[in-house]
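Worksheet: the structure to be examined is printed underneath.
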Amino acid sequence: GENVEQHPSTLSVQEGDSAVIKCTYSDSASNYFPWYKQELGKRPQLIIDIRSNVGEKKDQRIAVTLNKTAKHFSLHITETQPEDSAVYFCAASTGNQFYFGTGTSLTVIP
Amino acid sequence: NAGVMQNPRHLVRRRGQEARLRCSPMKGHSHVYWYRQLPEEGLKFMVYLQKENIIDESGMPKERFSAEFPKEGPSILRIQQVVRGDSAAYFCASSPRTGHTYNEQFFGPGTRLTVL
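Chains as they are written, first to last, in this note's numbering: chain A, 88 to 197; chain B, 26 to 141.
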């Protein structure tokens, strides 16, 4: 089955700096890669996703890159703000099942 | 369009009792997924269902756990004879009908189960 690894597990950045979270996957059949943000006690919320037919996608301060050859994808948050503090999860899907990374706890220091 | 609904939001059970968790998917969604999240851990896949069918239950413990998604009504995750280790947040997610190549998942608010 698919194995998704996520790094780092914790990340602290100064407000205004960039944050990068990286994930790797093992199943070359995976073709959909969403990222979720989960605030304490809340549900995971989809923030951005990327399909296997593109290499990069951007939405305001958030961008995701995908390298299918190397089987890794990354989340980039620029100009971080305190409200970006949360746990971020990556996932990989073949279309049916979703496999999640173990999460990255991001703290943005004002 | 209401989002994914889960109830109860909080459930307390004593060891040995049964827990029933309900999930109503978004309107028009026929795929339901259940995940378990232990404190400060990631989301662990449990089961994937479509109406009246279990598609993938590879993440479900072999004993005490069962899930269904009947033709009418919500999906139910049932845990029999609960133990303390079952204490966790259980999230349901739904995604659109078959035919979509990429199915976005939308999560419910979760049910936080506490076993005393």
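For every residue, glycine included, the Cβ atom is placed at its ideal position computed from N, Cα and C.
If we cut at 7 Å on Cβ distances, does A:Pro-131 have a partner in chain B?
-> yes
Among B:Gly-133, B:Met-30 and B:His-56, which has the Cα closest to the Cα of B:Glu-77?
-> B:His-56
Local conformation of B:Asp-111 per DSSP, three classes | helix
Touch check for the segment 163-182 of chain A and the segment 106-119 of chain A: three-plus C-beta pairs under 8 Å?
-> yes
Under 6 Å Cβ to Cβ from A:Thr-97, same chain only, skipping five residues before and after it: list those, please.
-> Ser-192
Quick one: is A:Gly-190 near chain B, going by C-beta distance under 7 Å?
-> yes
Reduced DSSP secondary structure (H/G/I, E/B, other) of B:Asp-81 = strand
Contact under 7 Å by Cβ, A:Pro-169 with A:Val-195 | yes
Chain B contacts made by the segment 158-174 of chain A, where a contact means CB separation under 9 Å | Val-174
Assigned secondary structure, A:Pro-197 (DSSP; H/G/I helix, E/B strand, else coil) = coil
Test: A:Phe-120 CB closer than 7 Å to a CB of chain B = no
Going along the chain, which residues of its own chain have a beta-carbon closer than 6 Å to the beta-carbon of A:Asn-154, five neighbours each way excluded?
-> none
So which residues on chain A does B:Gly-67 lean against when the C-beta distance must stay under 7 Å?
-> Phe-176, Phe-187, Gly-188, Thr-189 and Gly-190
CB of B:Val-107 within 7 Å of CB of B:Ala-27, strictly | no
Apart from the five residues on each side of it in sequence, which residues of its chain come closer than 6 Å, Cβ to Cβ, to B:Asp-81?
-> Tyr-73
Straight-line gap, B:Arg-61 to A:Ala-150 (C-alpha atoms, nearest Å) | 28 Å
How many Å lie between A:Ser-99 and A:Ser-172 at the Cα?
-> 9 Å
Compare the C-beta of B:Pro-121 with all C-beta atoms of chain A and state if any pair is closer than 7 Å.
-> no
First and last residue of the beta strand (DSSP E) that includes B:Arg-61?
-> 54-62
For B:Gln-106, go through chain A and note every residue whose CB falls closer than 8 Å to its CB, in chain order.
-> The contacting residues do not exist; B:Gln-106 stays about 27 Å from chain A at best.
Within this structure, are the beta carbons of B:Leu-63 and B:Thr-136 separated by less than 7 Å?
-> no
Using a cut-off of 7 Å between C-beta atoms, extract the partners of B:Pro-33 located in chain A.
-> Simply none; closest approach about 15 Å.
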